[in-house]
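Asks:
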Amino acid sequence: MSATTLHIAFDVDQVRRHFPILNREVKGKPLVYFDNAATTQKPVEVIDALTSYYQYFNANIHRGIHSLAEEATAAYEATRDTVQQFINARQREEIIFTRGVTESINLVAYTWARTNLKAGDEILISGMEHHSNIVPWQLIGEMTGAKLKVIPVDDNGELMMDEFHNLLNEKVKLVSVVHASNSLGTINPVKEIIDAAHKVGAIVMLDGAQSTVHLDIDVQELDCDFFAISSHKVYGPTGIGVLYGKRALLEAMPPFMGGGEMIKDVSFEKTTWNELPYKFEAGTPNIADTVALKAAIDFVQRIGKKQIRLHEEELLQYATEELQNIDGIRLIGTAKQKVSVASFVVEGVHPQDLGILLDNQGVAVRTGHHCTQPLMNRFGIPGTTRASFAMYNTKDEIDVMIAGLQKAIKLLR
Amino acid sequence: MKSIAQIEEEIVEDFSLFDTWDEKYEYIIDMGKKLKPLEDEHKKDENKIKGCQSTVWMVSELKDGKVYYRAESDAVIVKGLVSMLIRVLSGHEPKEIINAKLDFIDKIGMKQHLAQTRSNGLLSMVKQMKLDATVYLAKMASPNPSEGGA
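Protein chains in written order, with the numbering used here: chain Y, 178 to 590; chain G, 103 to 252.
#1: Between the C-alpha atoms of Ala-564/Y and Ala-519/Y, what's the straight-line distance to the nearest angstrom?
#2: Could you tell me which whole alpha helix (DSSP H) segments of length 4 or greater appear in the segment 342-414 of chain Y?
#3: If we count the other Cβ atoms within 10 Å of its Cβ and call it buried at 16 or more, is Phe-274/Y buried or exposed?
#4: According to DSSP, what are the bridge partners of Pro-640/Y?
#5: By how many angstroms is the C-alpha of Lys-145/G removed from the C-alpha of Trp-159/G?
#6: Please go through the same chain and pick out, in chain order, the residues whose beta-carbon is closer than 6 Å to the beta-carbon of His-195/Y, but skip the five residues on each side of it.
#7: Between Lys-587/Y and chain G, is the shortest Cβ-Cβ distance under 8 Å, so that the two count as touching?
#8: Quick one, are the C-beta atoms of Phe-234/Y and Ala-249/Y less than 8 Å apart?
#9: Measure how close the beta-carbons of Ile-282/Y and Pro-454/Y come, nearest whole angstrom, since I'm counting them as under 8 Å.
#10: Between the segment 452-472 of chain Y and the segment 306-321 of chain Y, do at least 3 Cβ pairs fall closer than 8 Å?
#11: Could you give the C-beta distance for Val-523/Y and Ile-579/Y, rounded to a whole number, given that I count them as a contact under 8 Å?
#12: Would you say Thr-591/Y reaches chain G, if we count a Cβ-Cβ gap shorter than 8 Å as a contact?
#13: Have a look at Thr-461/Y, Gly-505/Y, Glu-499/Y, Glu-428/Y and flag the residue whose alpha-carbon is nearest the alpha-carbon of Asp-573/Y.
#14: Regarding Gln-218/Y and the ligand HEM, is the C-beta to nearest heavy atom distance less than 7 Å?
#15: So what's Phe-206/G in DSSP terms, helix, strand or just coil?
#16: With 8 Å as the threshold, decide whether the Cβ of Gly-560/Y is near any Cβ in chain G.
#17: Per DSSP, Tyr-210/Y forms a beta bridge with which residues?
#18: Rounded to the nearest angstrom, what separates Val-367/Y and Ala-386/Y at their Cα positions?
#19: What does a CB cutoff of less than 8 Å around Lys-136/G pick up in its chain, not counting 5 residues either side in sequence?
#20: Put His-507/Y into one of helix, strand or coil per three-state DSSP.
#21: Expressed to the nearest angstrom, what Euclidean distance is found between the alpha-carbon atoms of Ser-360/Y and Gln-232/Y?
#22: Could you tell me if Thr-182/Y is buried or exposed, where buried requires 16 or more neighbouring beta carbons within 10 angstroms of its beta carbon?
#23: Figure out for me which residue from Met-305/Y, Ile-406/Y, Gln-583/Y has the closest Cα to the Cα of Ala-152/Y.
#24: Does the beta carbon of Asp-530/Y come closer than 8 Å to any beta carbon on chain G?
#25: From Tyr-253/Y to Glu-174/G, what distance separates their C-alpha atoms?
#26: Give me the chain G residues within the contact set of Leu-534/Y, using Cβ-Cβ distance strictly less than 7 Å, ordered along the chain.
#27: Distance check for Glu-335/Y and Asp-439/Y, CA to CA, integer angstroms please.
#28: Going by alpha carbons, who is nearest to Gly-362/Y out of Asn-346/Y, Asp-212/Y, Leu-582/Y, Gln-191/Y?
#29: Please decide whether Ala-173/G counts as near chain Y, where near means a Cβ-Cβ distance under 8 Å.
#30: With H, G and I counted as helix, E and B as strand and the rest as coil, what does DSSP make of Gln-583/Y?
#31: Pick out the complete alpha helix (DSSP H) segments inside the segment 412-438 of chain Y, 4 residues or longer, and give them in chain order.
#32: Around the Cβ of His-243/Y, are there at least 16 other Cβ atoms within 10 angstroms (buried) or fewer (exposed)?
#33: Rounded C-beta distance between Ile-200/G and Leu-589/Y? I'm assuming under 8 Å.
#34: Would DSSP call Met-160/G helix, strand or coil?
#35: Count Cβ pairs between the segment 191-199 of chain G and the segment 162-172 of chain G that sit closer than 8 Å; are there 3 or more?
#36: Which of the three DSSP states, helix, strand or coil, is assigned to Ser-281/Y?
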């Protein structure tokens with residue numbers, strides 16, 4: 178029986194039992210963890226996968242002839258198959274393991290973009306990008322002479338699609354946009370972006386850091402050229418991520434880093450590259466975390482992405498309603514399509530003060546610019562307070578946050 | 103004139119009266135609100151100590167061999183902590199400031215605000231206060247000491 182057929186009825190109490198960290202207290206209060214867009218907590222299945230790797234089959238992969246190396250290799254490669262199926266990639270060779278979304282984007286920047294862009298070309302990003310989907314393109318722009326253009330964001334935190342279509346022309350060679358915004362929650366119309374970009378001959382990279390955990394990802398249906406995933410935002414370990422790329426593009430790209438694993442033959446005169454996906458996986462990879470990523474994806478699929486999404490949507494709706502009752506609050510990010518992120522500012526109150534006082538109530542939220550400074554400038558604010566919800570959160574926890582907010586605001590004003 | 107260590111001890115005693123974190127923060131927020139605001143002319147980039155989330159502006163001057171600090175922040179809790187640092191360090195000789203242990207912050211349970219989380223400018227502020235003191239000390243030791251803002 179495959180993992181996906183094991184759906185159980187969604188029961189948040191049941192789900193919470195899988196996450197040991199939710200039993201702890203912060204400042205003498207039960208932890209309310211609402212910083213899931215930064216990183217999700219790990220189910221015991223993932224923690225067990227990590228420890229069992231180190232306890233039973235830790236070995237360096239691919240080259241070893243002994244049993245441990247074979248077992249470790251099998252487990253590592255099994256994660257590749259799971260990821261392939263998870264995002265519906267055509268082939269397992271299209272799944273490259275990286276350290277995370279940042280490295281995935283940099284890999285494409287330093288290989289595909291550096292060799293394919295020239296002066297006069299344009300790279301199109303959006304006004305709601307994380308710094309990791311801005312800075313690599315600025316660096317490549319400096320190297321190649323390609324220009325960075327930005328799709329503007331409207332007052333609701335949605336991309337201005339008319340402007341996007343205006344900006345699109347045959348000079349645009351690459352469009353790199355965030356699938357779902359980490360600061361606002363906005364789900365972008367990526368299918369429309371991809372189809373339009375392909376018509377002018379541009380390729381499209383999607384930053385899936387936030388979307389992978391919430392939405393069904395089908396890279397074939399999306400037809401994106403590159404897709405970046407972060408494991409630790411999908412209930413998996415830190416330090417591991419994925420770059421999906423269409424095979425033809427990956428084949429044509431030069432290697433990113435040189436070293437072991439990624440070579441076929443090495444001589445001092447000439448080195449030939451290993452085949453995909455190993456060409457892009459130089460050195461001993463992060464084996465343990467990759468192995469445990471499979472446990473995370475299996476877990477998500479067992480609970481059921483659709484059920485998780487329905488639960489998170491309910492939480493977002495409830496939180497949005499409750500937040501709006503607070504005097505002087507302004508929601509930042511009111512797009513029609515959102516993942517479970519509630520970002521807001523409170524008149525006359527600094528987000529950092531709110532964050533400290535909420536922490537004092539055991540509530541973990543994120544405050545600040547969320548590594549999206551240009552977006553914060555767009556809204557004329559230095560930062561927001563952001564609550565982001567995951568499968569294990571509850572309405573009761575939202576009540577705790579709202580009470581904490583009211584108490585904090587009273588104190589701070 | 104109390105020593106830095108004595109003032110630190112006073113603050114620790116003040117905080118020992120509080121039973122809960124709520125009371126501690128209430129007190130710090132109150133001090134933040136009471137901190138005399140810095141004139142706008144001082145809120146310029148060269149006086150800025152930037153954290154990832156909040157900003158501190160600080161100016162100092164040397165008067166009769168002692169360093170005086172004034173500062174402000176856009177976040178109230180940081181402002182309260184800043185006000186405590188000023189209460190502890192301002193009006194002392196550079197040498198005493200440079201050698202100040204400042205472990206009262208740990209003793210009152212506010213060490214997390216000095217952690218390297220980039221979340222605020224407090225740690226940078228402590229460094230800047232000591233750096234200013236070091237500059238004044240060097241000026242005082244030089245043959246032509248010129249007093250004024252660092």
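Note that CB positions come from ideal geometry on N, CA and C, so glycine has one too.
Source: prediction; values computed, not measured.
Replies: Let me lay it out:
#1: Cα-Cα distance, rounded: 5 Å.
#2: The qualifying runs are 367-376, 388-391, 396-399.
#3: Around the C-beta of Phe-274/Y, 16 or more other C-beta atoms lie within 10 Å, and the residue is accordingly described as buried.
#4: Missing from the structure shown is residue 640/Y; chain Y here goes from 178 to 590 and no further.
#5: For Trp-159/G and Lys-145/G, the distance between alpha carbons rounds to 6 Å.
#6: Excluding sequence positions up to five before and after His-195/Y, its CB lies within less than 6 Å of the CB of Pro-220, Val-221, all in the same chain and listed in chain order.
#7: Not a single C-beta of chain G is nearer than 8 Å to the C-beta of Lys-587/Y.
#8: Cβ atoms of Phe-234/Y and Ala-249/Y: closer than 8 Å.
#9: With 8 Å as the limit, Ile-282/Y and Pro-454/Y do not qualify as a contact, their Cβ atoms being about 17 Å apart.
#10: No: fewer than three Cβ pairs fall under 8 Å.
#11: Going by Cβ atoms, the distance from Val-523/Y to Ile-579/Y rounds to 12 Å, so no, they are not a contact pair.
#12: Residue 591/Y lies beyond the range of chain Y shown here (178 to 590); nothing can be said about it.
#13: Checked all of Thr-461/Y, Gly-505/Y, Glu-499/Y, Glu-428/Y; the closest Cα to Asp-573/Y is Glu-499/Y.
#14: The ligand HEM is absent from the structure shown, which contains no ligand whatsoever.
#15: Phe-206/G sits in a helix when the DSSP states are folded into three classes.
#16: Yes, Gly-560/Y lies at the interface with chain G (some Cβ there is under 8 Å from its Cβ).
#17: In the DSSP output, where bridge partners are listed per residue, Tyr-210/Y has Ala-541/Y.
#18: Going by the C-alpha atoms only, they are around 14 Å apart.
#19: Cβ neighbours of Lys-136/G beyond the five flanking positions: Ser-185.
#20: Here the sequence assigns Arg to residue 507/Y, which means His is not the residue at that position. Arg-507/Y: strand per DSSP, three-state reduction.
#21: C-alpha separation (whole angstroms): 39 Å.
#22: Reliability of the predicted coordinates at Thr-182/Y is poor, the pLDDT of 45 falling under 50, and no value is obtained from them.
#23: No answer is possible for residue 152/Y: the residues shown for chain Y start at 178 and end at 590.
#24: At least one chain G Cβ lies under 8 Å of Asp-530/Y.
#25: Distance between Tyr-253/Y and Glu-174/G, taken at the CA atoms: about 53 Å.
#26: Contact annotation for Leu-534/Y against chain G: Tyr-127 [CB-CB distance below 7 Å, chain order].
#27: The identity of residue 439/Y in the sequence shown is Met, whereas the question assumes Asp. A straight line joining the alpha-carbon of Met-439/Y with that of Glu-335/Y spans about 41 Å.
#28: For Gly-362/Y, the closest of Asn-346/Y, Asp-212/Y, Leu-582/Y, Gln-191/Y by C-alpha to C-alpha distance is Asp-212/Y.
#29: Taking Cβ atoms only, chain Y never reaches closer than 8 Å to Ala-173/G, which makes this a no.
#30: In this structure, Gln-583/Y counts as helix in the three-state DSSP scheme.
#31: List check, alpha helix (DSSP H) in window: 424-429.
#32: Label assigned to His-243/Y: exposed.
#33: In this structure Ile-200/G does not touch Leu-589/Y by the C-beta definition: roughly 34 Å separates them, more than the 8 Å allowed.
#34: DSSP places Met-160/G in strand when its eight states are reduced to three.
#35: A contact exists between the segment 191-199 of chain G and the segment 162-172 of chain G.
#36: Residue state, collapsed to three classes: helix.
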